[in-house]
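Protein chains in written order, with UniProt numbering: chain Z, 1 to 312; chain P, 1 to 276; chain D, 1 to 526.
Just so it is clear, CB atoms sit at the ideal spot from N, CA and C, and this is done for glycine as well.
Just below is one structure, and these are the notes that go with it.
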Amino acid sequence: MSMTAFLGRRLLQLVPTLIFILIVVFVLVRLLPGDPASAVLGDRALDADVERINRELGLDRSLPVQFVAFVKQVFTGNLGNSISMKIPVTQLIADRLPITMLLTFMAAVIAVVMAVPLAFVAALRRDRLEDSAIRGAFQVGLSMPVFYVGLILLTVFGAKLRWFPVGGYGDGFLDHLYHLFLPAVTLALSLSAILMRNLRSAIIGVVDAEYVTFARAKGLRANLILFRHILRNALISTLALFGLSIGTLLGGAVITETVFAVPGAGRLMVDSIYGRDYPVVQGLTIALAVLVSVTFLLTDILQAWLDPRVTK
Amino acid sequence: MTVMSVSRLRRLPRAFVFGAAILIASVIVATFPSAFAPYDPLAMDYVNLLAPPSAAHPFGTDNFGRDVLSRVIHAYTIDMQIALFATLFPFIFGTIVGAIVGYVGGVTESIFGRVVDAVITFPFLVLVIAIVSVLGPGLINMYIAIGVVGWVFYARIIAAEVKVQKRLDYADAGRAMGYTHARIVFRHLLPNAITPAVVYWMTDMALAILLGSSLGYLGLGAQPPAAEWGVQIADGKNFMATAWWISVFPGFAIVLTGLGFSLLGDGLAEILRGRK
Amino acid sequence: MTRLSLIATTAAVLLSTTSLVQAQERGGVMTYGRYADSMFLDPVLNDANVDIWILSNMYDTLLLPTDDGQSVQAGLATDWNVSDDGLTVTLTMRDGIMFSDGTPITTEDVIWSLDRARNPDNGIWNFLLAAVSEVTAPDDKTIEIKLAQPDPAILPALSVFNAAIMPKAAFEAMPGETDLEKATAFAEKPVGSGPFVFDSWERGSTLKLVKNEHYWADGADGQKLPYLDGVTFEVIPDDATRILRVQSGELDGAELIPFARVKELQDDPNINMELFPSTRVADIIINVRPELDGEPNPLSDVKVRQAMNYAANKDAIIQVVTFGVGTPTSSFMSSTTPLHTGDGPVFPYDLEKAKQLMSESGYPDGFTASILTLAGNQDELGIATALQQMWSQIGITLEIQQVDNATRTEQYRNGTFDMRAGAWTNDIADPNQITSYFAYSPTIDALHSGWKSEEVDKLFEESQSELDTDKRAEQYARIQEVFNQEGPTVLLYETPYPVALQDNVKGFNQIPLGNNIFRETYLEKE
Numbered sequence: 001m002s003m004t005a006f007l008g009r010r011l012l013q014l015v016p017t018l019i020f021i022l023i024v025v026f027v028l029v030r031l032l033p034g035d036p037a038s039a040v041l042g043d044r045a046l047d048a049d050v051e052r053i054n055r056e057l058g059l060d061r062s063l064p065v066q067f068v069a070f071v072k073q074v075f076t077g078n079l080g081n082s083i084s085m086k087i088p089v090t091q092l093i094a095d096r097l098p099i100t101m102l103l104t105f106m107a108a109v110i111a112v113v114m115a116v117p118l119a120f121v122a123a124l125r126r127d128r129l130e131d132s133a134i135r136g137a138f139q140v141g142l143s144m145p146v147f148y149v150g151l152i153l154l155t156v157f158g159a160k161l162r163w164f165p166v167g168g169y170g171d172g173f174l175d176h177l178y179h180l181f182l183p184a185v186t187l188a189l190s191l192s193a194i195l196m197r198n199l200r201s202a203i204i205g206v207v208d209a210e211y212v213t214f215a216r217a218k219g220l221r222a223n224l225i226l227f228r229h230i231l232r233n234a235l236i237s238t239l240a241l242f243g244l245s246i247g248t249l250l251g252g253a254v255i256t257e258t259v260f261a262v263p264g265a266g267r268l269m270v271d272s273i274y275g276r277d278y279p280v281v282q283g284l285t286i287a288l289a290v291l292v293s294v295t296f297l298l299t300d301i302l303q304a305w306l307d308p309r310v311t312k
Numbered sequence: 001m002t003v004m005s006v007s008r009l010r011r012l013p014r015a016f017v018f019g020a021a022i023l024i025a026s027v028i029v030a031t032f033p034s035a036f037a038p039y040d041p042l043a044m045d046y047v048n049l050l051a052p053p054s055a056a057h058p059f060g061t062d063n064f065g066r067d068v069l070s071r072v073i074h075a076y077t078i079d080m081q082i083a084l085f086a087t088l089f090p091f092i093f094g095t096i097v098g099a100i101v102g103y104v105g106g107v108t109e110s111i112f113g114r115v116v117d118a119v120i121t122f123p124f125l126v127l128v129i130a131i132v133s134v135l136g137p138g139l140i141n142m143y144i145a146i147g148v149v150g151w152v153f154y155a156r157i158i159a160a161e162v163k164v165q166k167r168l169d170y171a172d173a174g175r176a177m178g179y180t181h182a183r184i185v186f187r188h189l190l191p192n193a194i195t196p197a198v199v200y201w202m203t204d205m206a207l208a209i210l211l212g213s214s215l216g217y218l219g220l221g222a223q224p225p226a227a228e229w230g231v232q233i234a235d236g237k238n239f240m241a242t243a244w245w246i247s248v249f250p251g252f253a254i255v256l257t258g259l260g261f262s263l264l265g266d267g268l269a270e271i272l273r274g275r276k
Numbered sequence: 001m002t003r004l005s006l007i008a009t010t011a012a013v014l015l016s017t018t019s020l021v022q023a024q025e026r027g028g029v030m031t032y033g034r035y036a037d038s039m040f041l042d043p044v045l046n047d048a049n050v051d052i053w054i055l056s057n058m059y060d061t062l063l064l065p066t067d068d069g070q071s072v073q074a075g076l077a078t079d080w081n082v083s084d085d086g087l088t089v090t091l092t093m094r095d096g097i098m099f100s101d102g103t104p105i106t107t108e109d110v111i112w113s114l115d116r117a118r119n120p121d122n123g124i125w126n127f128l129l130a131a132v133s134e135v136t137a138p139d140d141k142t143i144e145i146k147l148a149q150p151d152p153a154i155l156p157a158l159s160v161f162n163a164a165i166m167p168k169a170a171f172e173a174m175p176g177e178t179d180l181e182k183a184t185a186f187a188e189k190p191v192g193s194g195p196f197v198f199d200s201w202e203r204g205s206t207l208k209l210v211k212n213e214h215y216w217a218d219g220a221d222g223q224k225l226p227y228l229d230g231v232t233f234e235v236i237p238d239d240a241t242r243i244l245r246v247q248s249g250e251l252d253g254a255e256l257i258p259f260a261r262v263k264e265l266q267d268d269p270n271i272n273m274e275l276f277p278s279t280r281v282a283d284i285i286i287n288v289r290p291e292l293d294g295e296p297n298p299l300s301d302v303k304v305r306q307a308m309n310y311a312a313n314k315d316a317i318i319q320v321v322t323f324g325v326g327t328p329t330s331s332f333m334s335s336t337t338p339l340h341t342g343d344g345p346v347f348p349y350d351l352e353k354a355k356q357l358m359s360e361s362g363y364p365d366g367f368t369a370s371i372l373t374l375a376g377n378q379d380e381l382g383i384a385t386a387l388q389q390m391w392s393q394i395g396i397t398l399e400i401q402q403v404d405n406a407t408r409t410e411q412y413r414n415g416t417f418d419m420r421a422g423a424w425t426n427d428i429a430d431p432n433q434i435t436s437y438f439a440y441s442p443t444i445d446a447l448h449s450g451w452k453s454e455e456v457d458k459l460f461e462e463s464q465s466e467l468d469t470d471k472r473a474e475q476y477a478r479i480q481e482v483f484n485q486e487g488p489t490v491l492l493y494e495t496p497y498p499v500a501l502q503d504n505v506k507g508f509n510q511i512p513l514g515n516n517i518f519r520e521t522y523l524e525k526e
C-alpha cells in the first residue's frame with residue numbers, strides 16, 4: 001500500500017472516532033452531579049437564580065434537543081460560549097491549547113534526548129556500573145510526583161540560582177521557550193524513564209537476537225550494525241509507547257501547568273470540569289482528540305517507515 | 001533449602017533476585033503493618049505537631065501530630081494494592097486483546113485501532129474526574145478509571161510485537177505443523193512478544209502509585225484518614241521547607257518500591273529472553 | 001527576634017509612619033499573585049470572588065466601604081442623606097468626575113447603572129437593592145433613590161460592587177441584543193471610573209490594569225491618586241509557587257497564603273506577612289431534617305448537635321488547620337460584622353459535657369454520619385480529619401467524602417447531605433446577608449439545613465426595615481443567641497486574609513469584605 005493511501009485511510013478513520021468522542025463527552029459532562037449554575041454560584045446559589053441561569057443556557061431542554069443544537073453548532077465551527085467566562089470557546093482554545101502543545105513538544109524532545117542515548121549506553125554496558133547508575137537515576141525520576149519535582153526545580157533553579165523564572169509563561173516566543181524549560185523537564189521525567197527502560201530492554205533483545213550475530217559474522221562494521229539493525233528494530237515498540245504517552249501528556253499536563261503557573265489547556269480543562277462549563281469541556285475534548293489523533297498518525301507513519309510490514 | 005535450589009537461585013539474574021527480595025519484604029509489611037508500626041497511624045497528638053525525626057518518632061510527626069513512620073508503614077497496605085490492582089486487569093486484558101489483534105489483523109485490527117483512538121484521545125482527567133464524581137471518590141473507582149484506559153497501552157505494545165513475531169520463521173513452522181491458532185499465539189508468539197509488556201507493566205505499577213499521588217493532589221485519590229504515600233506527599237507539600245520529613249520519607253518508600261518493580265521487570269525480561 | 005531585625009522592624013515602622021506625611025513614592029507597577037483568574041468583569045452579572053475582589057479597582061461606586069469594612073465613606077457622591085422615614089436617599093454627586101475614557105459621569109449614567117443593578121433579571125446581586133423602587137435626578141448634581149420600604153442597609157448596599165457606576169453610552173454601543181451580550185463585549189475591555197483602568201488580559205495568566213488619569217481622589221500627600229502606574233495580576237494556582245515568586249522577588253505581593261506557611265514568612269526579613277481582618281468564618285453545616293433517606297436523622301437532635309459542638313476542640317483545630325492564625329468564633333457571623341455579639345467560643349471545649357449530652361440524647365450509643373469536604377482543599381480536609389478523631393470519643397463515626405464544588409452544591413441544595421464543611425465571607429458591610437443565608441429559613445432553608453425558627457424568621461423580617469440602630473442591634477443579638485445555641489452548625493473559627501507583601505509595598509489593603517484596594521498603594525524605593 002502506498003503512503004498516500006495509508007494516510008488517507010488513517011485520516012478517514014478519524015471521523016468515527018471523533019463522532020464517538022463527541023457523543024461520549026456530551027453525555028458524560030451532563031451525567032456529572034450538579035449544574036453550571038450551582039458550580040459557579042456555590043453556596044450563594046438561590047433556587048430562582050439557578051433556574052433562571054439554566055433556562056438562559058438552554059439546559060432546561062431535553063438532552064436530544066441540546067445535542068442536536070450542539071452538533072449544529074460544531075458543524076458551523078462554533079463551539080459555543082464559555083458559561084463562566086462568557087467568551088467564545090474557540091477563542092479560549094486558540095489562546096491556551098498552543099501553550100500546552102508547545103510544552104508537550106518540548107517535553108517529548110527532552111525525553112527523547114535524555115532517553116535514547118542513555119538507553120544505548122545502559123543496554124550495551126548491561127549490568128555494569130553505567131547501567132546501574134542510569135537505571136537508578138531514571139528510577140528516582142520516575143518515582144517522584146510531578147508537583148514535587150516541579151517545586152524542587154522551581155526552588156533550586158528558579159528562586160535560588162536564578163537561572164530560570166519561577167513559573168509563568170513570558171512574552172514572545174523565545175521567552176516562552178525559556179519559561180517552559182523547567183516545566184518541560186518536569187513533564188519529561190516520567191516519559192523519559194518509560195522510554196529509556198523500554199528501549200534498553202528492546203536493544204538488549206535485538207542485540208541478543210540471531211540476525212545481529214549473523215550480521216556480525218558477515219563482518220559488518222559495528223556502527224552500522226547499531227544503527228541499521230538495532231535502532232530500527234528496537235524502536236518499534238518504543239515508538240508505539242511514545243505515541244500513546246504523548247496523548248496522555250497532552251491531556252495530563254494539568255499538574256505541571258498548575259505548579260509552574262503555565263496558562264495551558266490542561267488547567268483550563270480541569271477548571272472547566274469543576275465549573276461544569278459544558279461548552280469548554282466539549283470543545284477542548286474535541287480539540288485535544290484531533291491533536292492526539294494527529295500525533296498518533298505521525299507515530300504510525302514513523303513506525304511504517306521503520307518497519308514497512310506494519311502498514312500491510 | 002537444598003543445594004539444588006540454591007544453585008538454581010544463583011542462576012537467576014541478580015536484578016530479579018534483588019527486585020523479588022524488595023517486593024517480598026514489601027508484601028510482608030503490607031500484610032502485617034501493625035507488627036512493624038510503632039504507633040497507631042491515625043492517632044493525633046496536638047502537642048507534638050510537626051516534630052522533627054527523633055528517637056521516639058524516627059520519621060517525625062505530621063501536621064496532625066501523627067507518627068510519619070507508622071503512616072509510611074501502614075500505607076504499604078494501600079499502595080501495594082494500588083500497584084497491583086490498578087495494573088493487573090489492564091495487563092491481562094490488554095495482553096490478550098493485543099495478541100489476538102496482532103495475530104488476526106485485518107478488520108479486527110481496524111476496529112481495534114478505532115477503539116484505541118477513542119480511548120487514548122479521550123482526555124484521561126475528564127474520565128477520572130467524571131468517574132470519581134459520579135461514583136464517588138475512593139480506590140475502587142480509581143482502579144476503574146485507570147483500567148478503562150490502561151489496557152490500551154499493553155494491547156498496543158503486544159499487537160505491534162506479535163505482528164513482527166508472526167512473520168518470523170518459527171511462526172510459519174508452527175502453522176506448517178498444523179498447530180491451532182490459539183497454540184501459535186499463546187504458546188509461541190506471546191512468550192516472545194510479551195517482554196516489552198512485562199517491562200512496561202513493572203514501570204506501570206510505580207506509575208500507578210504516582211498517579212494516586214496526582215489524584216491526591218486534586219483530592220480524588222485515597223480518602224482520609226487512610227495513609228497513602230502519594231497523599232502523604234501531597235499533604236506535605238506545604239511543609240517542604242519547614243517539615244521536609246512529612247513528604248520525603250513516603251517519597252523514599254515510593255522510590256524503593258518502584259525500584260523493586262523495575263528490577264523484577266528487568267530480571268523477568270532476562271529470564272523470558274533466556275528461555276527463547 | 002534578633003536585635004538586627006528588631007532595628008530593621010523599628011526602622012520600617014518609623015519609615016511607614018513618617019512617609020504618611022512625606023510625599024509617597026510615585027510610579028512603578030505592582031505585580032500581585034492570585035490563586036485563580038477573574039472570569040467576568042461585569043459588576044452586575046459576575047458571580048464569584050475572583051471578580052468581586054478586584055472589581056472596585058476598575059469600577060467606582062457612589063459610596064465606598066471604609067478601610068475597616070464596617071461603614072461607608074464618600075465615593076462618586078460627596079454627601080448623602082437618608083430621610084427620617086427611611087424612604088428616600090439623597091446623594092450629591094462629586095464635581096468634575098469622569099470615566100477613564102474622559103467622558104463626564106452624568107446622573108443619567110447613575111440612574112441607568114442602578115436600574116440595571118436592581119433589575120431582578122440581572123445576575124444574583126439584585127437582592128441587595130431590592131428595596132429601591134425608583135432612581136431619579138432632580139438636578140444634574142443630585143440623585144434621589146426612592147425605597148418601597150425602609151432599608152437600614154441601603155447605604156452599605158450602595159458601596160457594594162454591583163452598584164458600580166458604568167458609562168451608559170459606551171455600554172449600549174456594544175454589539176449584541178441582550179444585556180448579557182452587551183455586557184460580555186463590554187467586560188472584554190471595561191471602562192469605569194475606579195483608580196485603575198483595564199489594559200490587557202491574557203486569560204489564565206495575566207490581567208493588567210494601568211493608572212486612571214481621570215481618577216478623582218487625592219492621597220494623604222495632597223497628590224492625585226493612585227500612586228502606582230499600574231497593577232498586574234498574575235494567576236499562580238499553586239500556593240507553594242506563589243510564595244516562591246514572592247520570595248524570589250518576582251511578585252510584589254500574593255494573596256491566600258496557606259496558614260501552614262504564615263509563620264515561616266513572618267520570619268522572613270524581606271517579606272511583610274500581613275493578616276488583614278476579614279469576615280471569613282469556617283463552620284460545619286448540619287442537615288437537621290428529621291429524616292434522611294427514610295431513616296431517622298440523629299443530627300436533628302439538638303442535644304446531639306450541642307454535644308458535637310462541645311466535643312470539637314476549637315483550639316486544637318485552630319492549631320492543626322490554621323497554625324494558630326485563626327480565632328474561635330463567638331457567633332455564626334464574624335466579629336468584624338456590624339452588630340456581631342458575643343466573645344469567646346459559644347461552646348468551649350468540654351468533652352465531659354459532650355458525653356453527658358450524648359447520653360441524654362436519643363442516641364447514647366452514637367451513630368455514623370458523613371461529611372462533605374471540597375476535594376483538594378487542605379483546610380476543610382484538616383477540619384474533617386480532626387473532627388473525625390474528636391467525635392469518635394462521643395461515639396460518632398465520621399466518614400469523610402471529598403467531592404468537587406458542583407457535586408457538593410447539588411447535594412447541599414437537594415438537602416441530601418449529612419454534614420458539610422463550609423466557609424462564608426460577607427459581600428456587604430451589614431449582618432443581613434449572612435443572616436439571610438444562615439438563619440432566615442425562607443432564603444435557602446437556613447443553609448439548606450432544614451432548620452427553622454419562627455422567632456428568628458420574624459426578628460429578621462422586622463430588622464430588615466428597622467431604622468432604629470439600637471432596636472436593630474437587639475434583634476440581631478437575639479437572632480445570634482438562638483442560632484448559635486440551637487442552630488444547624490458546629491461553629492469553628494474565623495481567619496484573617498493572609499497576604500504576603502514585599503517589604504517595600506506600602507498602603508495596600510484587603511478590607512474585611514475581601515476587596516483588594518490598590519488606590520493608595522505605593523512601592524518604596526530601596
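Asked, Found
"Beta bridge counterpart(s) of V206(Z) as assigned by DSSP", "Its beta-bridge partners do not exist; DSSP assigns none."
"Contacts that W451(D) makes with chain Z (C-beta to C-beta distance below 8 Å)", "Those within 8 Å of W451(D) in chain Z number zero; the least Cβ separation is about 16 Å."
"Reduced DSSP secondary structure (H/G/I, E/B, other) of V29(D)", "strand"
"Whether A234(Z) touches V206(Z) by CB criterion (7 Å)", "yes"
"Residues from the stretch 116 to 137 of chain P in contact with chain D, defined by Cβ distance under 8 Å", "I129, S133, G136 and P137"
"Three-state secondary structure assigned by DSSP to residue 545(D)", "Outside the displayed span of chain D (1 to 526) sits residue 545(D), for which this structure offers no information."
"C-alpha distance - A304(Z) paired with V113(Z), whole-angstrom precision", "22 Å"
"Beta-carbon gap between Q475(D) and S463(D) smaller than 7 Å", "yes"
"Between the CA atoms of Q223(D) and V21(D) - distance to the nearest angstrom", "Residue confidence for V21(D) is low, a pLDDT of 45 falling below 50, so the modelled location carries little weight; the figure read from the coordinates is stated next. Approximately 12 Å, taken between the alpha carbons."
"Assigned exposure category for S200(D) - 16 Cβ within 10 Å defines buried", "exposed"
"Member of I209(P), Y39(P), I233(P) and S110(P) whose CA lies at the smallest distance from the CA of P13(Z)", "As written in the sequence, residue 13(Z) is Gln, which differs from the Pro given in the question. The shortest C-alpha separation from Q13(Z) is found at S110(P)."
"Start-to-end residues for the alpha helix (DSSP H) that takes in L211(P)", "T195 to Y217"
"Contact set between the stretch 68 to 89 of chain Z and chain D, restricted to residues whose Cβ is under 8 Å from the partner", "N81, S84, M85, K86 and I87"
"T241(D) vs G266(Z) beta-carbon contact at 7 Å", "no"
"Collapsed DSSP secondary structure at E520(D) in the structure displayed", "coil"
"Rounded Cβ spacing between P279(Z) and L79(Z) (contact assumed at less than 8 Å)", "6 Å"
"I511(D) in three-state terms, based on DSSP", "coil"
"Rounded separation between I318(D) and F417(D) - CA only", "25 Å"
"Residue burial classification, M269(Z) (beta-carbon count within 10 angstroms, cutoff 16)", "buried"
"Pair within 7 Å by beta-carbon distance, L18(Z) and A289(Z)", "yes"
"Three-state secondary structure (DSSP) of T299(Z)", "helix"
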